[in-house]
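The structure appears right after this line, and notes come after that.
Number of protein chains: 2
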Amino acid sequence: MKNKLNLEPMFSPKSITIIGASGGEGKISARPLYLLRKLGYQGSIYPVNAKYNEIEGFPCFQDIESLPRDIDMAILSIRATDVLPALERLAKRSVKSAVVFSSGFAEIGENGRELQQRLTEFVERTGIPVCGPNSLGFFNLKDKAVASFQQIEASRMDPIAFITQSGAFGTLTYKMLEEMEVGYQYFVSSGNEAGVDFFDYVHYFAEQEEIKVIGGYIEGARDMEKMDNAIRLCQHHDKPLILMKVGTSQLGANAAISHTSSLAGDSSIYSSYFQQRNVVQVDDEEELIDTINLFHKAKTSPKRGGAAIVTISGGAGIVMADKCEQNNVELTKLMPETITQLEEMLPAFASVKNPIDVTAQIIQDLDKLSGSIRVLLEDEGVEALVIYMQIGDPVAPVIIPKLSKIANETNKTFVVCWAGASEKTKEMLSAGGICWLPTPSRTIRALKNLLHYNQRKELLSEKNNIFAERLTNCTELEAFEGTINEYTGKSYLRTYGISTPAGNIARNVEEAIEAANTIGYPVVLKVLSQQIAHKSEVGVVKINVNSDAEVRSSFEEIMLNALKYDLKIQVDGILVEEMIGEGVEVMVGSIQDPLFGPCVLLGLGGIFVEVFKDSVIRPAPLTIEDAKEMIQSIKGYDILKGVRGKGPYDVHALAETLVRVSELCLDQKDWLQELDINPVMVHEEGKGITALDALFVGKQEALSLSR
Amino acid sequence: MKNKLNLEPMFSPKSITIIGASGGEGKISARPLYLLRKLGYQGSIYPVNAKYNEIEGFPCFQDIESLPRDIDMAILSIRATDVLPALERLAKRSVKSAVVFSSGFAEIGENGRELQQRLTEFVERTGIPVCGPNSLGFFNLKDKAVASFQQIEASRMDPIAFITQSGAFGTLTYKMLEEMEVGYQYFVSSGNEAGVDFFDYVHYFAEQEEIKVIGGYIEGARDMEKMDNAIRLCQHHDKPLILMKVGTSQLGANAAISHTSSLAGDSSIYSSYFQQRNVVQVDDEEELIDTINLFHKAKTSPKRGGAAIVTISGGAGIVMADKCEQNNVELTKLMPETITQLEEMLPAFASVKNPIDVTAQIIQDLDKLSGSIRVLLEDEGVEALVIYMQIGDPVAPVIIPKLSKIANETNKTFVVCWAGASEKTKEMLSAGGICWLPTPSRTIRALKNLLHYNQRKELLSEKNNIFAERLTNCTELEAFEGTINEYTGKSYLRTYGISTPAGNIARNVEEAIEAANTIGYPVVLKVLSQQIAHKSEVGVVKINVNSDAEVRSSFEEIMLNALKYDLKIQVDGILVEEMIGEGVEVMVGSIQDPLFGPCVLLGLGGIFVEVFKDSVIRPAPLTIEDAKEMIQSIKGYDILKGVRGKGPYDVHALAETLVRVSELCLDQKDWLQELDINPVMVHEEGKGITALDALFVGKQEALSLSR
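Top to bottom, those sequences are chains A and B. The working numbering puts the first residue of the first sequence at 1, with every later residue one more than the last. The working numbering puts the first residue of the second sequence at 708, with every later residue one more than the last.
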């Protein structure tokens, strides 16, 4: 989609036509009209069906050609093969948007794929946005516009938009939120996304002033640029985007030759990218709805701090404290004044450590409960306050008004975890404008997302003020297919300012000895051959070679092992290099992902990257801050910071190297499929890094070379 | 508690007296009588209260002395200070058990602790079991015996017993399960456990024939032997024990000198021990109730296999497949016959890969749905079948009878995940004897517990047939306080059959040279001093010493560094040892935990044990199978199995070493506080291990030596 589609007529239509409409309330073709009437849609409705003259009191049109021109939105509930002809006829009547419920497109395989391709072409050609096909439809409760066949009550409307790539899953979240007394304003089931995709909707909702939170279920994005623009727009308007990303597919056909790519996988890129852009990624259905619920209701303290917990149950307090630790939520260390005031206020047996166990007896004296909460909200270190209550129907009508008062007065995050609440209690909580969640664990999990989002938002707004200068010049490197030898690879790295050991190619023992003497002992000898990707495993690398005699014997041994590996091996020479001193070995690389394009990868070196799966991958380009975050996010980061008297190591130089690789792989993306610099030796702080190996893989042959 | 308490009169009382009873239904003192009447308790009830002659139609006794003798159970709802005198008087009337609701004991701190101690002594002296104090009480619905002041409906009774160390939390689980149409038969809030503890109840319920599943909320156990006996009894009777263990406390006062103990922590010992004994440990409230629910309803296939998923929503299928991967639940690879049959049965666009997406259209043709399920249940690789449905009230009455038929016919695990079910649908599912759970993620999480429990059960029953012979002789080692030097430590290890390098103590350079020549070059030189715990960090270890001259210079350097470390250092000599070849470094150790006693620890060696927190700890004694499980459970296990052409390493010798350490630390538990063998070099397969260092810490001074 090159030109931005106008989704306004779709979501806020002044007129709607229903192609293939019918009466009643049960059939798919009957649902839209039924729901539009039920909700009291105020625009014009034009049913089309040759079989009827009238449907549910609406005059029925015999064909599309009889319709008035310029209708905002058309609902198509007809056979798949009839969809495109109908759309063409609607286009002639200047219809402005459409939604297609019909299935029978790409989801049924080969037969439907062509039909769907033609639908895509229709949208591209006409600029008419089409939701679907194979969609449950959508609704916008503000305008009472429902183009859907879901079972919806639409009894609540909150400033939330939800987009789903699975209609059924979306409906489930709607139902689950309804039980929490929360409702979406916008809901859209994006179906097969022939013409309008997930992030087109995100983009549109980000621009809707009244929408506070955008949620979604996503299996995959289709267009990196579109996704990135939409997500940046959410950031710009400070609209939290809360996504459940499902499907842990592999890089599949792009399976690749180097370790770099075998460690990648698109779900890890998504996670890393979402983290980078402060998209809130949730893990399951409950976390999704709880987080949406909390974000849309929560006030946000301008100051960063931790959480305070007030509980009537010691057990729930322990559970919440455990969950805080597991989820990296700081429990505020209370100020001495706070503790003193609480001690004066609460009975002797209450625990005034955070979590604060006020015991169930507090219910006899609710002013003390309110008082304690107010004291805690005044503590500077408290960003969010959670109060735990449970069941207790008899007391709810007395407690809830007090909590409601606090909720409305404070400008900090105030959450009530009311476990086992009855329907009546739930209604009272919602009516009181209180943000409430159902169990201790779920409450802390949602709170984690809120607090981390706020922290990250602040960090990103600082970072976004930093102008990111290029570290390297954009340089043309000679493109190739398949691999090149290490010597040339290292020269490419040096072009991008990445240090490599001093080295020379030797064609025979004498040249090797000469090279070694020029470089100075000790040296490293390695075979140069495009046929051996992992040299150290086949004995064609000799380190710590200390004399002319050792060069001689090593040279012979390497050549022998190379021939053992493959009698027909083609050898470009022996690389003689300076021996590089101590440091921490990491691996740095890049791959091209089908969606994200060039991505940069960092892993702890040696066998640990394999065994501990300790690596991180992010789409290029990287800023120096991105690179630092990547470094900090690997599990082995402590090794770089220094342990047991070793280190610290040059993390800044490593971050710069990541940025250089990011610039390299973006500049060369037309031909470069993969880059694997393994190991990169990170020296002590201030002493930089050295790339000890380099494997470049050009496109085309990347596949045939994979082992 | 030395003699086993008889809990029968407590849980199945033929007569009950209520001390401090009152009328009505609201007050704590009124609740038991109210609930006993409401439920229709059939035994005798004797209220005691000097203020009344009659309560709710029951003659009221003026004092305990007027009560008949041999009453089975007394409920005490009186002031804390009145509890003990009342119990003494009840004992004189030969009451057989009691429950104390009253708070004001250990939970209020110092003042209540003595009172509680006296209560403990009462139970020990009289053998009368007392539940509480500070307890919500308990119920046994089979006998309609309720000694509680909870809000309970008791509308359902399933073969489940639940024990909770937090009354409020327990009530919450009761409420949550009630919403899933499930009810406990036994429930007990154990309160402060002055006389009867958590595992006394587990023991009792494990012996109750009609109980199928035992669940619980536990903050901590009090007695290792009691816990272990109760858990083994559950295993013996094949009663799954499902626990939510909360509180991540530290070893606290036992903070210790070596790395071994700083890595330990009782919550990791609990987890490891629970895994060992096949106790199902859950992570949060939902997982707790879902797992209890699934275990009590599920049938269990005698054959081990994976899961098959049938779904009407592609999205839910993806979510469940993701969760299977995350939770290590195998999705069955279907047999070709199964696939063929499914293809014949299902529409072309359905996906017959597992998860099987039958699409929502299947609802038009339910025989196909039943048919597909039956085909799948006949696949040998399918141990459990999950079917996903959602909302869809109109179809529930048609579908549920068909599912019910399947559920009752099959002897495999059959679970319906019905998301967003209405109350009516829930009732129909339960009435149909169907095991149902509410969301895709929760379903798979509970299923994981069931499948893993079944696998582990089979494994344990095989293991339990192996007679575990001691590997070492029980030997007396000379006890000491604080530390001993490495040389003596290594001699202790050799006594237990753990290999160490050949070595000698040298008092001067000449002796060192002599020792080196006896051993043969290369050698290692180390200072021997009890004042330096981590030698390599202060430069008092020299490896790869190759000649007399190098011995001389190394000796001097070591002595210099030792003096630099502490001018007043006391040196026992220089240890000269053979240089040990290559291998993988691990650390093995033991600590004494206050609850679990001697525990054995294994970690990957070097800095990785610290940085990656890659260690595992289990209570001694260990069988060789336990030891192998420990080895397999560390993240770095792949390194031992061999990667990149290195290894495999001698895992069996390492397992034996763990067993030897287990025997050592149990034999010497009276004086040995900690043992730290770091590193243990694991050689290639068949070549054994070598302990390269040994730090023994005797009791008493362990604390003062901690850094």
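Quick reminder that beta carbons are idealized off the backbone N, C-alpha and C, glycines included.
Beta strand (DSSP E) segment containing residue i, residue limits
i                        : result
serine 590 of chain A    : 584 to 593
tyrosine 1356 of chain B : Tyrosine 1356 of chain B -> no beta strand (DSSP E), and no H or E assigned at all.
proline 739 of chain B   : Here proline 739 of chain B belongs to no beta strand (DSSP E); instead the alpha helix (DSSP H) covers 738 to 746.
glutamine 390 of chain A : 382 to 390
glycine 603 of chain A   : 597 to 604
isoleucine 13 of chain A : In the sequence on display, residue 13 of chain A carries proline and not isoleucine. First-last for proline 13 of chain A: undefined, no H or E at that position.
Residue i burial status per 10 Å Cβ neighbour count (16 or more: buried)
i                          : result
serine 965 of chain B      : Any reading at serine 965 of chain B must be qualified, since the residue scores a pLDDT of 37, below 50, and its modelled position is unreliable; the value itself is stated next. Buried, by the Cβ-count rule.
glutamate 1090 of chain B  : buried
cysteine 234 of chain A    : buried
valine 903 of chain B      : buried
aspartate 1357 of chain B  : buried
leucine 712 of chain B     : buried
isoleucine 726 of chain B  : buried
asparagine 750 of chain A  : The structure shown has nothing for residue 750 of chain A, since chain A only spans 1 to 707.
cysteine 1306 of chain B   : buried
glutamine 1277 of chain B  : exposed
glutamate 114 of chain A   : exposed
threonine 81 of chain A    : exposed
arginine 618 of chain A    : buried
threonine 1150 of chain B  : buried
asparagine 1156 of chain B : buried
serine 862 of chain B      : exposed
alanine 971 of chain B     : Confidence at alanine 971 of chain B is low in this model, with a pLDDT of 40, below 50, so its placement is unreliable and no value can be given for it.
glycine 1099 of chain B    : buried
Interface partners of residue i on chain B, CB under 7 Å
i                       : result
tyrosine 217 of chain A : Gly1022
valine 643 of chain A   : Ile1314, Glu1317 and Val1318
Interface partners of residue i on chain B, CB under 8 Å
i                         : result
serine 716 of chain A     : There is simply no residue 716 of chain A to check, as chain A begins at 1 and stops at 707 in what is shown.
isoleucine 631 of chain A : Going along chain B, no residue has its Cβ under 8 Å from isoleucine 631 of chain A, so there is no contact; the nearest lies around 14 Å.
lysine 635 of chain A     : Val1318 and Phe1319
Neighbouring residues, chain A, relative to residue i (Cβ below 8 Å)
i                          : result
isoleucine 1346 of chain B : Ile607 and Val611
glutamate 1244 of chain B  : Arg644 and Gly645
Within chain A, the residues that residue i reaches when beta carbons sit closer than 7 Å
i                         : result
methionine 883 of chain B : Gly420
glutamine 983 of chain B  : Going along chain A, no residue has its Cβ under 7 Å from glutamine 983 of chain B, so there is no contact; the nearest lies around 22 Å.
aspartate 991 of chain B  : Ser441
Endpoints, the alpha helix (DSSP H) within which residue i is located
i                            : result
lysine 405 of chain A        : 396 to 409
threonine 340 of chain A     : 336 to 345
phenylalanine 414 of chain A : Taken as a continuous stretch (DSSP letters only), phenylalanine 414 of chain A belongs to no alpha helix (DSSP H), being part of the beta strand (DSSP E) at 413 to 419.
phenylalanine 876 of chain B : 874 to 886
lysine 564 of chain A        : 548 to 565
glutamate 423 of chain A     : 423 to 431
Contacts that residue i makes with chain A (C-beta to C-beta distance below 9 Å)
i                     : result
valine 953 of chain B : Gly315, Ile318, Val319, Ala321 and Asp322
Within chain D, the residues that residue i reaches when beta carbons sit closer than 7 Å
i                        : result
glutamine 151 of chain A : The displayed structure is made up of protein chains A and B, and chain D is not among them.
Would you list, in sequence order, the uninterrupted alpha helix (DSSP H) runs of no fewer than 4 residues that lie entirely inside the segment 1141 to 1228 of chain B? For the segment 1141 to 1228 of chain B, whole alpha helix (DSSP H) runs of length 4 or above, ordered along the chain, are 1147 to 1170, 1193 to 1202 and 1216 to 1226.
Every unbroken beta strand (DSSP E) within the segment 68 to 141 of chain A, with a cutoff of 3 residues, ordered by chain: With a minimum length of 3 residues, the continuous beta strand (DSSP E) runs that stay inside the segment 68 to 141 of chain A are 73 to 76, 98 to 100 and 137 to 140.
What residues in the segment 1127 to 1148 of chain B bring their beta carbon closer than 8 Å to a beta carbon of chain A? Answer set for the segment 1127 to 1148 of chain B: Gly1127, Thr1146, Pro1147 and Ser1148.
For the segment 1088 to 1103 of chain B, which residues have a CB atom closer than 7 Å to at least one CB atom of chain A, in sequence order? Cβ contacts with chain A come from Gln1097 and Ile1098.
Suppose only complete runs of 4+ residues qualify. What are the alpha helix (DSSP H) ranges in the segment 1319 to 1383 of chain B, listed by chain order? Within the segment 1319 to 1383 of chain B, the alpha helix (DSSP H) runs of at least 4 residues that lie entirely inside it are, in chain order, 1331 to 1340, 1344 to 1348 and 1358 to 1374.
Every unbroken alpha helix (DSSP H) inside the segment 283 to 315 of chain A [4 residues or more]: For the segment 283 to 315 of chain A, whole alpha helix (DSSP H) runs of length 4 or above, ordered along the chain, are 285 to 297.
May I have a chain-ordered list of the beta strand (DSSP E) segments no shorter than 3 residues that lie completely inside the segment 149 to 236 of chain A? The segment 149 to 236 of chain A contains these whole beta strand (DSSP E) runs: 160 to 164, 186 to 189 and 213 to 218.
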